[in-house]
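Chains as they are written, first to last, in my numbering: chain R, 1 to 312; chain Y, 1001 to 1290; chain S, 2001 to 2282; chain L, 3001 to 3355; chain Z, 4001 to 4355.
Think of the CB as a built atom: it goes at the ideal place given N, C-alpha and C, for glycine as much as any other residue.
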Ligand SMILES: Nc1ncnc2c1ncn2[C@@H]1O[C@H](COP(=O)(O)OP(=O)(O)OP(=O)(O)O)[C@@H](O)[C@H]1O
Ligand SMILES: Nc1ncnc2c1ncn2[C@@H]1O[C@H](COP(=O)(O)OP(=O)(O)OP(=O)(O)O)[C@@H](O)[C@H]1O
Ligand SMILES: [Mg+2]
Ligand SMILES: [Mg+2]
Ligand SMILES: O=S(=O)([O-])[O-]
C-alpha cells in the first residue's frame, strides 16, 4: 500500500484525522489502491524546518505561506511558484483569529481595544515560533492600523501594549490553549477560530465562550506538494490527488466540520451559520505579503523583538 | 545524649554519644520528609491521579491505543539498542581508565562526561547538523536512501549521546576504589585477560553496573529534548513515549497523556524498587560477611 | 598506611592486559558519539562573521536568557546543595518510618521523563493547581514565572547532591566526630568545623552536576516557565526558537556559547574542587 | 584523676561485649588493656570516654558518676587507633582544635594557643612540620600528632586505643618507649589498649588482661607474667609449653618426671596440665629421667638475643626452649642429639581452667 | 626454580624505587626481604612476579629471561599483603580458581579439582570452612586461604608480601611458625617481604636487607644479625647502643674504656662510633674504668624472658642492656646503683657509614 506523510501544524490534528480516512476511502474507490496517510504535527516553523532537514513529507499543510516559502528557499524541495499550482493561493480552507474568554465574559472583552486595558491578561503563543501567533499579532496590528488616525507608530504602540499584557508565551498554539484552558491563566486567549471552537466543544461549553472582534485577519493556511520527495518516493499522483481532494465537496465539508472556513462557495453557504461574519483584512493587502511581514515584524531585531527590548 | 532516651522513631543510626538534640533531629527529618514530599511524592501522586481520573477503563484504553503502543514499541527499541551499547562502552571505558594510569586520563574522563553537560536540545541539534539534509552527510545519505534523522536511527543516536556517560560514570569510581590487586592475583594464578575480567572484575562491580544500567535505561526511555529535535513527530512511526505524551497533551487528551506518562513513571518506580532491592541484597550479603 | 599503599599500586602502568584494545575502543566511541557531532557546532557557528556571531549571541534577548538560565540554575543548584545535604544527612544518620521509600524516590527525577515532570509540576503549581491555589493568594506565583524555572531545575537536579553526598556520609569515619567531641567541641562546632569541611568536596561535585544539568534542561522547563522574553525565557528555548526561524547558524552560535560557558564553569568548579581537596594530596 | 569501673556490662544486640567488668585505675598510672581481638577492649575504653553508654554498672571519674557528663565535659583525651586526625586541617590546626572550640569565656587568646601548640609540637618533636596535612605524614608522625592533639586540652585522663597498632615493628618500639617517657614526664592517668603482650609488659604500670568481655586478671606486669591466674593469661602473655600429666597427692607426674605440684592450690588429684614458659626450662646433656625430661633436639634457631631450641620429648610432645645466646653457645647443641630438659616454675591447671 | 635478579632498576616518575638491585635466590630456599617502609620490597616482589616491568636489568627464572613470559605463565604464586581474595567467591572457589581457569586441554576434571582443593584446605586446616566467604573469615584465616590459593597451581616460586602484616601479635607468631613448617614440607622457592626483623630472623633461610631501593646486605640470619655490614643493618636488625669515641692506631677509646677496634677494617683513625647490641653487654658491680664503662642504673624492667636495664654512663649517654632473667636475678640490680658495663662484640663505624 502507498503511504503518504502529511507534515502539518498543530491545530489541524483533528481535521486531518477525519480527512485522511475519507481520502483513503476515496482513493480506494478511484484507483483500487490502499493508502495510509501518516501525520506529523507541531509548531508550523518547526515542521517546515524538519522538512528542510530531510523529513520525507509528501505534502505540507502549514500555517503560513512563509513557512512553505522557506522550504523552497532553504532546500529547494518545492518550486518557487508553488502557491500558483492550486486554486485560492493553495489555501483550500481559511480561518481567522478570534477571542476565547471565560464563561459570562467577566472582563467584558468585546474587541481588540479591550485587550490592551490595564489588568487584562492575554494569552497568545510566541510569534517567533508559532504560525498561529503571527496571525494573532498581525490581526492586532491591522486593527490598530484601521482605527481612526491609525498609523504604523500607533499600531506599534498598540501591539506593544497588548503584549505587555501577556504573562505566558507558549511556543505553539496548542500550548497556549492549554495554558488558558487547563492552567486557568489569563482572561482571554487569542486563537485560531477553529481552535476556539474546538476548545469550547471539547473542554466545556459551560466554561468558555467565543468573542468575535470587529476586525480580524483572513488566515489562509497553505498546502503544497513537496516535489522532490514525491518524485523520489514515486507518490506524486496520489499526493496530488490528496491535495486536490481537499478542494472537493467532501474535503470542504470535513474542513467546515472542523471549523475551518471552506473556500467552496456551496459548502460555505451550507455552513454559513457556523461562522460569524466580520471584517477581514489580508496579509497581502495590509502587510505586503508574508515575506515582508516576516522581515519587518518577526525576524531577529524586528518589531516584535523591539517590543521586548528592555527600555532601560 | 543517649539516643535510647527517645522514642523509636527518629533513632540515630548508630547508637552513640553523638546525636543532635532531639528538636534538631525532628527539624531535619521533618524538613527532609517535607521537601521530598513536595518535590517527589506530590508530582508522582498528581500524575497518577490525573491518569486515573476517568477510571480504569479509560486508562486501559489510552494505553492500548495504536499510536501509544507504537510509541512504546519505539521507546523499547531505542532502549534495547542504546542500553547495551552504552553498557558495553561503559565497561570497556572504565576498564581502561580505572585500572591503568596514563597521561591525559582526567581529560578523557571529562570528555566521557561531556554529553552530560550538553543541553539535550543541543545534542539533538548536532545530529541534525551532521545527518540533516542541510548537514554534512545529508545529501549523500539521501542519495543512498539511508534514513537516519527523523527515523529510528536518529532517535537512537541522540539517545545514545544523551545517555553516553551513565554506565561509565557509575563504574569508573567503583573500579578505581577496588584497586587492581584482585585482578593481579587472578593473573598470577594463570587467568587470561578476559577470564580475569569476567570472573573477578565483573562480579565485583555488578551492583554498580546494574545501577548504571537502570539509570541509563530510565534516561533512554525518558529523554525528551534531544529526541524531540530529531524525531519528526510522525504519528505511529517516530514518536517515542515522551513525545507521545506531549502530543496527547496537546490534543486536550489529558487522561491519555497522563496514562501514557504513568507507564514511564511506573517503569521508573519499578527500576527504583529494583535498585533498592539490589542494594538491600548487597547490604545483606555484606552483613552476612561481617 | 595500608590504604595509601594500595593506592600507590593502583597507580602505575602495571601489567594488566587489555589496555590497548579497550583504550582504542573507548577513543573510537568517544570520537564517533561525542566529538565529531559536537565539532559540527563549531563548524556551523564558524560560518558566521564575527559581527554576526556577536549579534547572534549578544542580542539583549539572548543575554537576558543567559541571565535567566544561569541564574536560575545557580539558584537551583544552591537550593539542591542545601536541601541535598540535609536529605542525605537525614537518610544516612536517622532511622524513621518511610526512610527506605524516600531514599528510593530520590532517584525519581533521573527516571521520570522531563516533559512529564514539567507538565506535572505546571499542573500542581498553576494558579488553579493543588499548590498554586494555596500559594497564589499568598502572593507567591510559581508557574509561568522564573520561580517555575527554578522549581523545575530543583526537581531535576535533586538526586545529584544527595547521591554524591550520601556515600561520603555513609563512609564517614565516626571516630573523627568522636575525636572532636572528646576535645570539647559541641555539636555545632563539630558539624561546622569538622563534618562540613570534609563533606564539602562531595557537595561541590553534586552542585556542579546539578548545575550543569539544570543549565541544559529544556523539556521540563518550557511547560512551567512562561517563556516570556527577557523574563523567563531560557537559552535552550532560544536555540529552538532560532532553529524554527531557520537560523541554524544563530542557533549553533548560542549553543556554542552555552557549551563554552558551562564548560568554563565546570572547569572553575573542578579547580575549586581540587583546591578543596588539597589536603588529600600526597 | 582516678577511674573506677563498677560492674559494667554492655551488649550489642544479643552479644555481650562487656560482661560485669570492674576495674580501678588510680590517679597517675599507666594501665594497659591487653586481650585478643574482640575481647571488648575498645568498648571499655569508649565507655570510659563516654562515647558509648553502659547497659549496667557505673563509671566513676574522680569518684563522680561520669554519666552526668557527656564526652566533651569529661576531660578525657582519646587517641584513636587510626588516629582520626582532621584530614582537612594541618598539624597546627589539629593540635589547636581543642583549644579553639572552648567557650568564649575560657578560650585562650590566639597567641596563647600558638605558644601552647608549639610547646606540644616540640614535645612530639614535630615543630618543623606544623603546616603539613595528615596525609603528608608518616604513620608514626600521625600517631604523635593525635597524641599532641589529645594532650592540648590538658585532659585528666588519657585513653589510647592500640596507639601503635598500625605501625612498623621498628617505629613501634621507638614510640612505645617515647610514650613511657612522656608519661613519666606528665603523669596523666592513662589507659592504653593493645593486643601485643610485649608492648603491655614494656610500657604499663599495670596490666588488665581481658577476654570475651571479662577481665581475666589485673596486676603489675610481673604479677601477670610470673603469676598468671589461669591458662588463658599464661598463654596470652608469652610463649608457653604444655605438658600433660597427672597430679596425685600434690605430686605431679609429667612425661616421666615427678615434680612437686607447688603451683596447684589444693590437692585436686587427677589429670592436669603443666604450663612452663619456654625460658623457664634448663637444658643439659646429663640428667636422670626422674627430675628432667629426656628429649631430642629437633632444631636450633638464633633469633636476635635468644636462641630457640625445638625439642621432642619421648611421649611425642613437642616443646620449645628459649636460651640466652651465652647459654646456647656454652651448650653448642646439635640437631638430633639427646638432652635433658628441666622445667622451673611449672604451673598446673586441672581441666584447663582451674588452678 | 631459582631466581636471579640482575642489576634491576625501577623508577616511578623521577623516584627510583629500585636502584641497581642484584640478588639471587637458589632453588628451594625461603628468603626474607627485610626493610623499612618504602624501601622497595613490594616493588621488587612485583617485578619478580611480572606485575611490574623493569626499567633496567633482568630477571631470570631458572636461568631464563622472565620478561619473555607474562605473569600468567611465570608459574609464580603471589600472596598479597591484603590477601586480595576474591570477595564474591567462597573459600573453595578461591582456592580452585587457578585450576579452573586453566586452558581446556590442561584443566583437571571437576573431581580432581575438588580433591586437590580439599587437600590444600586440609593443609591450611580449614576444610570445615570451605563454603565461607572471605568477609566471614578472620585475618589469619584469610591469609591462609590466600596461601592455599597460590599453592593450588603448584607454583615454582612463592612470593609473599608482608604475609602477616595485618595480624595480631599472637596470631602472627603462630602463622609464622606454620609458614616455616609448610616450607619445610613442600620446599618451594619462596620470597617473603617483611619489615619485622624478628619475623625475618625466625623464618627465613636467608635475609635480604633493603633500604631506599638498594640491597644493604644479604646473608643467613646469623650473618646479618651477627655481622651487619653497616650501621643501617645493625640498627634495623635489633636493639643497639651507640658509643661515640675515637680510634687511634687500632685502639678505640669509648667512654673512658679502651678496646681493640677489632671490628674496624683498616687503621682509619679518627672519630668513630661503636655499635653494641643490648644483649652484648655484661654488667657487673666490680670493674676498673679501663675495661668497663662506669654507669648508673636508671631503670630495671622485666619484659617477658628478658630484663631490660637502662643505664646512664658518665659521659651522659644513655644505653640499654638486655639481661636474661637468670643473670638479672643473680645481680638483683637496684635503681640508682653504680655498675660497670663491659661490651662484647663492638663494631666500629667511622663517619656513620664505613667500617
Ligand atoms: N557498635 C557495635 N555493634 C555491634 N557489635 C559491636 C559494636 N562494637 C563492638 N562490637 C562487638 O563487641 C565485641 C568487642 O568489640 P571491641 O571493639 O571492644 O573489641 P576489641 O577488644 O577492641 O578488639 P580489637 O582488638 O579487634 O580492636 C566484638 O565482638 C565486636 O564485634
Ligand atoms: N605505582 C607507583 N607509583 C609511584 N610510586 C610508587 C609506586 N609504587 C611504589 N612507589 C613508591 O616506591 C617506593 C617503594 O615502594 P614499595 O611499595 O616497594 O615499598 P615497600 O618496601 O613495599 O614499603 P612497605 O613496607 O610500606 O610496603 C615507595 O616510596 C613508593 O611510594
Ligand atoms: Mg579495638
Ligand atoms: Mg610493601
Ligand atoms: O501551530 S502553530 O504554528 O499555529 O502554533
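Rounded to whole angstroms, what's the CA-CA distance from residue i to residue j? Just pull it up for me.
i	j	result
residue 3358/L	residue 4305/Z	Any property of residue 3358/L remains undetermined from this structure, which presents chain L solely from 3001 to 3355.
residue 2255/S	residue 1187/Y	48 Å
residue 1270/Y	residue 2132/S	30 Å
residue 1190/Y	residue 2252/S	54 Å
residue 2025/S	residue 1096/Y	10 Å
residue 40/R	residue 173/R	15 Å
residue 4129/Z	residue 2094/S	37 Å
residue 3069/L	residue 3098/L	17 Å
residue 3161/L	residue 3041/L	8 Å
residue 3345/L	residue 3260/L	10 Å
residue 142/R	residue 113/R	12 Å
residue 4050/Z	residue 1037/Y	56 Å
residue 4164/Z	residue 1214/Y	42 Å
residue 3266/L	residue 3274/L	Note that residue 3266/L has pLDDT 49, beneath the 50 cutoff, so the model's placement of it is unreliable and no number is given.
residue 1094/Y	residue 1083/Y	16 Å
residue 4176/Z	residue 4067/Z	32 Å
residue 3290/L	residue 3258/L	6 Å
residue 1238/Y	residue 1231/Y	6 Å
Check each candidate in the options and name the one with the smallest Cα separation from residue i.
i	options	result
residue 3148/L	3100/L, 3207/L, 3077/L and 3008/L	3077/L
residue 1071/Y	1233/Y, 1267/Y, 1254/Y and 1274/Y	1233/Y
residue 189/R	42/R, 28/R, 86/R and 103/R	103/R
residue 4198/Z	4211/Z, 4172/Z, 4186/Z and 4191/Z	4172/Z
residue 4308/Z	3201/L, 3301/L and 3212/L	3201/L
residue 4297/Z	4337/Z, 4278/Z and 4005/Z	4337/Z
Can you pull the chain L neighbours of residue i, defined as C-beta to C-beta under 7 Å?
i	result
residue 4236/Z	3170
Since residue i contacts residue j with CB under 8 Å, what's their CB separation in whole angstroms?
i	j	result
residue 4189/Z	residue 4038/Z	About 26 Å separates the two Cβ atoms, so there is no contact after all.
residue 3010/L	residue 3018/L	4 Å
residue 2108/S	residue 1264/Y	Their Cβ separation, rounded to whole angstroms, is 11 Å, which puts residue 2108/S and residue 1264/Y out of contact at 8 Å.
Kindly list, in the order they appear in chain S, the residues whose Cβ is closer than 8 Å to that of residue i.
i	result
residue 168/R	2144, 2226, 2227 and 2228
residue 3035/L	Ordered by position in chain S, no residue passes the 8 Å Cβ test against residue 3035/L, which lies about 20 Å from the chain.
Name the chain L residues whose beta carbon is nearer than 8 Å to that of residue i?
i	result
residue 4225/Z	3302 and 3304
residue 4322/Z	3305
residue 2186/S	3072 and 3101
Output, in chain order, the set of chain S residues within a Cβ distance shorter than 9 Å of residue i.
i	result
residue 3335/L	Under the 9 Å cutoff, chain S gives no residues; its nearest Cβ is about 39 Å from residue 3335/L.
Just the chain Y side, please: which residues come within less than 9 Å of residue i by C-beta, in chain order?
i	result
residue 2258/S	1118, 1119 and 1122
Report the neighbours of residue i on chain Y: residues whose CB is nearer than 7 Å to its CB, in chain order.
i	result
residue 2271/S	By Cβ distance, chain Y contributes nothing, its closest Cβ being about 12 Å from residue 2271/S, past 7 Å.
If you measure beta-carbon to beta-carbon, which residues of the stretch 70 to 84 of chain R are closer than 7 Å to chain S? 70 and 74
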